[in-house]
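Every number in the working numbering is 20 more than the matching position in the sequence shown, counting from 1. We put the CB at the ideal spot given by N, CA and C, even for glycine. Model, not experiment: these values are computed from the prediction.
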Amino acid sequence: MNYDFDTIIARRGTDCEKWDLPAEDGVLPLWVADMDFRAAPAIVDALCRRVEEGVFGYALPSGSWHESLVRWLNVRHRWQVSSDTVIDAIGVVPALASVIRAFCSPGDKVIVQTPAYNCFFATIRNQGCDVLENPLRRVPVREDNEGDFTYEMDFEDLERKVADPRVKLFLLCNPHNPTGRAWTAEELRTVGEICLRHGVFVASDEIHADLQMPASRHVPFASLSEEFRNASLTFWSASKAFNLAGLQTAAIICSDPEVRGRVRHFLKVHCTGEINPFGFLASSVAWDRCSDWLDALRAYLHENYLTLLGFVRTRLPLLKVAALETTYLAWVDATALGLSSAELSCQLEREAKVKFSPGAIYGEPKGYSFLRINLACPRKTLLEALDRIAAWTSSAGLWTTSSRAPSPPSSR
Ligand SMILES: Cc1ncc(COP(=O)(O)O)c(C=O)c1O
Numbered sequence: 021m022n023y024d025f026d027t028i029i030a031r032r033g034t035d036c037e038k039w040d041l042p043a044e045d046g047v048l049p050l051w052v053a054d055m056d057f058r059a060a061p062a063i064v065d066a067l068c069r070r071v072e073e074g075v076f077g078y079a080l081p082s083g084s085w086h087e088s089l090v091r092w093l094n095v096r097h098r099w100q101v102s103s104d105t106v107i108d109a110i111g112v113v114p115a116l117a118s119v120i121r122a123f124c125s126p127g128d129k130v131i132v133q134t135p136a137y138n139c140f141f142a143t144i145r146n147q148g149c150d151v152l153e154n155p156l157r158r159v160p161v162r163e164d165n166e167g168d169f170t171y172e173m174d175f176e177d178l179e180r181k182v183a184d185p186r187v188k189l190f191l192l193c194n195p196h197n198p199t200g201r202a203w204t205a206e207e208l209r210t211v212g213e214i215c216l217r218h219g220v221f222v223a224s225d226e227i228h229a230d231l232q233m234p235a236s237r238h239v240p241f242a243s244l245s246e247e248f249r250n251a252s253l254t255f256w257s258a259s260k261a262f263n264l265a266g267l268q269t270a271a272i273i274c275s276d277p278e279v280r281g282r283v284r285h286f287l288k289v290h291c292t293g294e295i296n297p298f299g300f301l302a303s304s305v306a307w308d309r310c311s312d313w314l315d316a317l318r319a320y321l322h323e324n325y326l327t328l329l330g331f332v333r334t335r336l337p338l339l340k341v342a343a344l345e346t347t348y349l350a351w352v353d354a355t356a357l358g359l360s361s362a363e364l365s366c367q368l369e370r371e372a373k374v375k376f377s378p379g380a381i382y383g384e385p386k387g388y389s390f391l392r393i394n395l396a397c398p399r400k401t402l403l404e405a406l407d408r409i410a411a412w413t414s415s416a417g418l419w420t421t422s423s424r425a426p427s428p429p430s431s432r
């Protein structure tokens, strides 16, 4: 079946964060991580039928959505989990807050690999805890890869930091937002062994797991061994891959019954464990009936990524693009433009009418300037946004010749 990802849907004026936050009309918003595509037809049909029932009282999920998730993990990711290990939550970020409460007291530390998804920082600090950074290392791409550079983990630094007695949790982002890395089994095994050696529990955020580029495979951290499974929990949701974020439904998969009990307790304390009827219906239809839609989406997103690379190489050659293995979020090094990421994103929004997320909110390395570009839009929108950057950079005289560009700081 053919699916349409090319139609431009008017989202401004629909109470939509991505399109309605920019103050001015006409801004193309390629920032927050949702997609400008309609959900899969099977999901829309199921939701319409549910709406026609016309009664929207308190829900009691029967557990069949857990069965859908369990089948999905098994078939799609070769990961066997039991449905009684699944906990409901109204989102990964709310679930993370409860997990932090379940493991940490105020003043404890949570390790995060930076640059990192911006909400990790606030969620950890809002629980009275500290972020301990384990910065990723920028490295050249392998020859067969499509981007300009990539990242690897710094295991020595991790081993040192995990040994801090105030560290109670390692927050893994697998795959990683914003760098686009899909961690390999070998990398995850090394992380797991380091954490096991120091008795640090792993919380693995796998919300982007279903969005692999064609050459990548997702490896669920907990699938690698029984020891890892028992010393970790996993956040999962259909929200990113199937564009259901507004339905606020996620799952925590946790095999240790004692930890499960503690996490459930804090979800109750925070009132974040009761999901809504549309969210679990849409999620289970996604996992039961929408794998071909997802594959078509992934192919489209890959073409968008290649479009970005092609455009950057010919028209914006001073930008460098991280190899994108998973997610629809391109991590772009714009340091050579000579502006901080906050200044650059502000000027791009005000003058070029394109909105991207500035690297500063993800904890980009000092002295660098990154943009995160959301590629989940019709190709025409992406090309229009790229054209606007190219026109603006040349009219602002930011880089008429590459010799004028400042040299980037040395990598750390
Ligand atoms: C890594 C990661 N975790 C969690 C979230 C948000 O999850 P939720 O909307 O379920 O709270 C995002 C959103 O972009 C994300 O990138």
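Backbone CA spacing between residue i and residue j [nearest angstrom]
i	j	result
A343	G77	46 angstroms
L231	Y325	13 angstroms
I28	T401	8 angstroms
N94	E369	43 angstroms
A302	D24	19 angstroms
S423	V341	With a pLDDT of 36 at S423, under the threshold of 50, the predicted position of this residue should be treated as unreliable, though the coordinate-derived value follows. Distance between the alpha carbons of S423 and V341 is about 20 angstroms.
D40	L349	20 angstroms
R69	A306	15 angstroms
A396	L338	23 angstroms
S430	K386	Because the pLDDT of S430 is 40, which lies under 50, any placement of that residue in the model is unreliable, and the number read from its coordinates should be weighed accordingly. Each residue's alpha carbon lies about 10 angstroms from the other.
N154	L336	31 angstroms
A53	M233	16 angstroms
G127	D150	6 angstroms
E206	G74	50 angstroms
W203	L267	28 angstroms
L418	L48	21 angstroms
R91	V101	9 angstroms
A43	C36	13 angstroms
L170	R162	Looking at the sequence shown, residue 170 is not Leu but Thr. Taking the straight line joining both Cα atoms gives about 9 angstroms.
W256	D225	7 angstroms
G83	N194	26 angstroms
F262	A229	12 angstroms
E247	L216	8 angstroms
R32	W51	14 angstroms
L67	L264	12 angstroms
D315	P185	44 angstroms
D353	S389	6 angstroms
N22	H238	25 angstroms
A372	E345	28 angstroms
Local conformation of residue i per DSSP, three classes
i	result
F169	strand
Q232	strand
W92	helix
L116	helix
A306	helix
T420	Note on T420: pLDDT 42, under 50, position unreliable in the model; no value is reported.
S431	Confidence at S431 is low in this model, with a pLDDT of 37, below 50, so its placement is unreliable and the value that follows should be read with caution. S431 falls in the coil class under three-state DSSP.
A43	coil
E323	helix
F25	coil
D182	First, the residue type needs correcting, since residue 182 is Val and not Asp in the sequence shown. Looking at V182 - three-state DSSP - the assignment turns out to be helix.
A109	strand
L50	coil
L317	helix
E163	coil
D177	helix
L264	coil
Neighbourhood of residue i by C-beta distance below 7 angstroms, restricted to the same chain and skipping five residues each side
i	result
F140	V132, L191
A410	R335, L336
P160	F169
Neighbourhood of residue i by C-beta, 8 angstroms cutoff - its chain only, sequence neighbours within 5 removed
i	result
R143	Inspection of the sequence shows that residue 143 is occupied by Thr rather than by Arg. Same-chain partners within the cutoff: V113, L116, A117, I120.
T210	M173, F175
H285	A122
Nonlocal neighbours in the same chain, by C-beta distance under 6 angstroms from residue i, ignoring five residues either side
i	result
R60	Checking the sequence, you will find Ala at residue 60 rather than Arg. Only C310, W313 meet the Cβ criterion.
L406	F331
R9	Summary: the structure shown does not reach residue 9, with the chain confined to residues 21 through 432, and so no result is reported for it.
S304	W85, S88
R280	C274
R145	none
A183	H218
G212	F248
P15	Residue 15 lies beyond the stretch modelled for the chain, which goes from 21 to 432, so this question has no answer here.
Unbroken beta strand (DSSP E) runs of length 3 or more, entirely within the region 335–382: which are they? With a minimum length of 3 residues, the continuous beta strand (DSSP E) runs that stay inside the region 335–382 are 349–353.
Stretch-stretch touch, CB-based, cutoff 8 angstroms, three pairs: the region 368–388 with the region 284–304: no
Are the region 351–365 and the region 380–390 touching by the rule of at least three beta carbon pairs closer than 8 angstroms? yes
State whether the region 249–260 contacts the region 220–240, with contact taken as three or more CB pairs (one from each stretch) at a distance under 8 angstroms. yes
Is there contact here, the region 97–106 with the region 269–287, by at least three beta-carbon pairs under 8 angstroms? yes
Residue ranges of each alpha helix (DSSP H) within the region 270–295, 4 or longer: As far as the region 270–295 is concerned, its whole alpha helix (DSSP H) runs of at least 4 residues are 277–289.
Inside the region 186–262 only - beta strand (DSSP E) runs reaching at least 3 residues: 187–193, 221–225, 252–256
Quick check for students: name the residue ranges of the alpha helix (DSSP H) that lie wholly in the region 389–416, counting only runs of 4 or more. 399–415
Runs of beta strand (DSSP E) wholly within the region 117–142 (minimum 3 residues, chain order): Whole beta strand (DSSP E) segments, 3+ residues: 129–132.
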